[in-house]
């Protein structure tokens, strides 16, 4: 008996890309590079790119984003390529969205970069908190753009559409209420519920972070442009098993692992979500968990894919994002990653001066990682304060803390106390200050040593 046909995957949706070069703006990436990144995002989301078009403008058309002539050209190309999705590289206003949907009809979905990134995050969020954050960002993005073509979104949004019934669902419409008004009301209710659920999750995370801080273990946060190799690096540093994939936004949720530094000290290293240009404001606001992990760190380890031609632009975007979340004052060490992908070693050394405290490494092979750890440890402990204290033997916790986190230079044991001299991290300095010895006159003479 012959075998039947093998099952096949459903065909991918076909996406046509549109970019605009706004001459009044200084873009981080060229239009060509930005469209190439958009194509990678589209592939990550499961779309097949079938073509692209671009236009140079001083500012977007207030009604249709593109000029009428370009609109007609794009419409012909969309029909010719049988595209299902028209994907814009810039965020569309609600009016742009509505007008373009009218022009292109029901057979072509209109998406922008922000909606695409939100969709990718919805696919990749693996924890409850991540799923809640993405769903909240999706709803807040979609609410002002809601049209007849986007009705019943409360049952469709990624990450939690099936839970809508818990907030009452669409419910019965009042006299004269349209389906559109009903959907808006339902989405607002869901947004309120999501914010409540997220606050509960964040409270739990806050308590965990407080316990971690009480343990006084310093924290290093990995930051970098998406796909720079952060997950590979945390695996190399700590033996973690973080998912690694050669695509954008392979990991979203903060992942923390314990790490032993060359000098014997312990540290925690946290992998955070990758940054990207034109990150949707709703998403940046929703992903407070990752941003909080960065803000609470003692040191930032900025991972740069040095093999990427846009490495400098990507680094600038990361620094700009750090400024926006007000953590740019934290000490930074730069890991110039993927040197194994470069043709010449000379290239790396020529680039060292372009980055802050830079160390060339390969997270994949481990080359340079031991040097990176030494530099990170030196930077982490560079802000240590010199102090001399007398601690009672009863205060074993502080004695242990000095030995564990500090650098002990001298110890003098007395009958009921110990005098310790050395350096301790600034973050624990306040615990030792009440026991500080300021000068020799403060010393208590140990009479038992006198005949």
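Residue numbers (the working numbering): 1 to 451. Positions of the beta carbon are idealized from the N, C-alpha and C atoms, including for glycine.
Could you check which residue in the options has the C-alpha nearest to that of residue i?
i: residue 191; options: 326, 137 and 101; result: 137
i: residue 49; options: 55, 56 and 41; result: 41
i: residue 73; options: 62, 104 and 58; result: 104
i: residue 395; options: 387, 182 and 418; result: 418
i: residue 121; options: 46, 389 and 378; result: 46
i: residue 111; options: 18, 132 and 200; result: 18
i: residue 373; options: 302, 67, 313 and 426; result: 302
i: residue 227; options: 380, 310, 295 and 262; result: 310
i: residue 71; options: 82, 99 and 44; result: 99
i: residue 139; options: 230, 428 and 187; result: 187
i: residue 401; options: 79, 431, 377 and 383; result: 431
i: residue 368; options: 390, 230, 337 and 36; result: 337
i: residue 390; options: 377, 398 and 420; result: 420
i: residue 54; options: 44, 80 and 90; result: 90
i: residue 427; options: 314, 259 and 381; result: 381
i: residue 86; options: 32, 180, 385 and 107; result: 107
i: residue 387; options: 422, 84 and 75; result: 422
i: residue 319; options: 342, 339, 308 and 294; result: 294
i: residue 65; options: 52, 77, 88 and 76; result: 88
i: residue 323; options: 189, 223 and 43; result: 223
i: residue 385; options: 424, 201, 78 and 34; result: 424
i: residue 353; options: 225, 370 and 335; result: 335
i: residue 181; options: 416, 146, 198 and 27; result: 146
i: residue 193; options: 132, 238 and 366; result: 132
i: residue 376; options: 339, 261 and 341; result: 261
i: residue 326; options: 44, 300 and 78; result: 300
If you count every other CB in all the chains shown that lies within 10 Å of the CB of residue i, and 16 or more means buried, which is it?
i: residue 411; result: exposed
i: residue 350; result: exposed
i: residue 144; result: exposed
i: residue 168; result: Note that residue 168 has pLDDT 37, beneath the 50 cutoff, so the model's placement of it is unreliable and the number below is only indicative. So residue 168 counts as exposed.
i: residue 11; result: exposed
i: residue 436; result: exposed
i: residue 142; result: buried
i: residue 434; result: exposed
i: residue 278; result: buried
i: residue 175; result: The pLDDT assigned to residue 175 is 49, lower than 50, so where the model puts this residue is not dependable; a value taken from the coordinates is nonetheless given after this. Exposed, since its Cβ has fewer than 16 Cβ neighbours within 10 Å.
i: residue 82; result: exposed
i: residue 393; result: exposed
i: residue 263; result: exposed
i: residue 343; result: exposed
i: residue 195; result: exposed
i: residue 135; result: buried
i: residue 179; result: exposed
Per DSSP, residue i forms a beta bridge with which residues?
i: residue 203; result: Its beta-bridge partners do not exist; DSSP assigns none.
i: residue 65; result: 61
i: residue 18; result: 53 and 88
i: residue 113; result: The partner list for residue 113 (beta bridge, DSSP) is empty, contrary to what the question assumes.
i: residue 256; result: 270
i: residue 78; result: Partner(s): none; residue 78 has no beta bridge.
i: residue 72; result: In the DSSP output, where bridge partners are listed per residue, residue 72 has none listed.
i: residue 410; result: 421
i: residue 337; result: 305
i: residue 12; result: Bridge partners of residue 12: none, in fact.
i: residue 436; result: 389
i: residue 221; result: 270 and 300
i: residue 332; result: 300
Is DSSP giving residue i helix, strand or coil here?
i: residue 226; result: coil
i: residue 400; result: helix
i: residue 308; result: coil
i: residue 182; result: helix
i: residue 273; result: coil
i: residue 374; result: helix
i: residue 48; result: strand
i: residue 313; result: helix
i: residue 300; result: strand
i: residue 127; result: coil
i: residue 231; result: helix
i: residue 146; result: coil
i: residue 358; result: strand
i: residue 154; result: Note on residue 154: pLDDT 38, under 50, position unreliable in the model; the coordinate value appears next. If DSSP states are grouped into helix, strand and coil, residue 154 belongs with the helices.
i: residue 365; result: coil
i: residue 389; result: strand
i: residue 94; result: helix
Practice problem: Answer yes if the stretch 120-127 comes into contact with the stretch 90-100, meaning at least three C-beta pairs across the two stretches below 8 Å, and no otherwise. | Solution: The answer is no - the stretch 120-127 does not touch the stretch 90-100, with fewer than three Cβ pairs under 8 Å.
Exercise. Would you check if the stretch 399-413 and the stretch 359-373 touch, i.e. whether three or more CB-CB distances between them fall below 8 Å?
Key: Touching, no, given that fewer than three Cβ pairs across the two stretches are closer than 8 Å.
Self-check item: Touch test, the stretch 232-240 against the stretch 265-274, Cβ-Cβ under 8 Å, three pairs minimum
Solution: Under the three-pair Cβ rule at 8 Å, the stretch 232-240 counts as touching the stretch 265-274.
Quiz item: Is the stretch 52-63 touching the stretch 106-122, taking contact as three or more C-beta pairs under 8 Å?
Solution: Contact fails: fewer than three Cβ-Cβ distances are below 8 Å.
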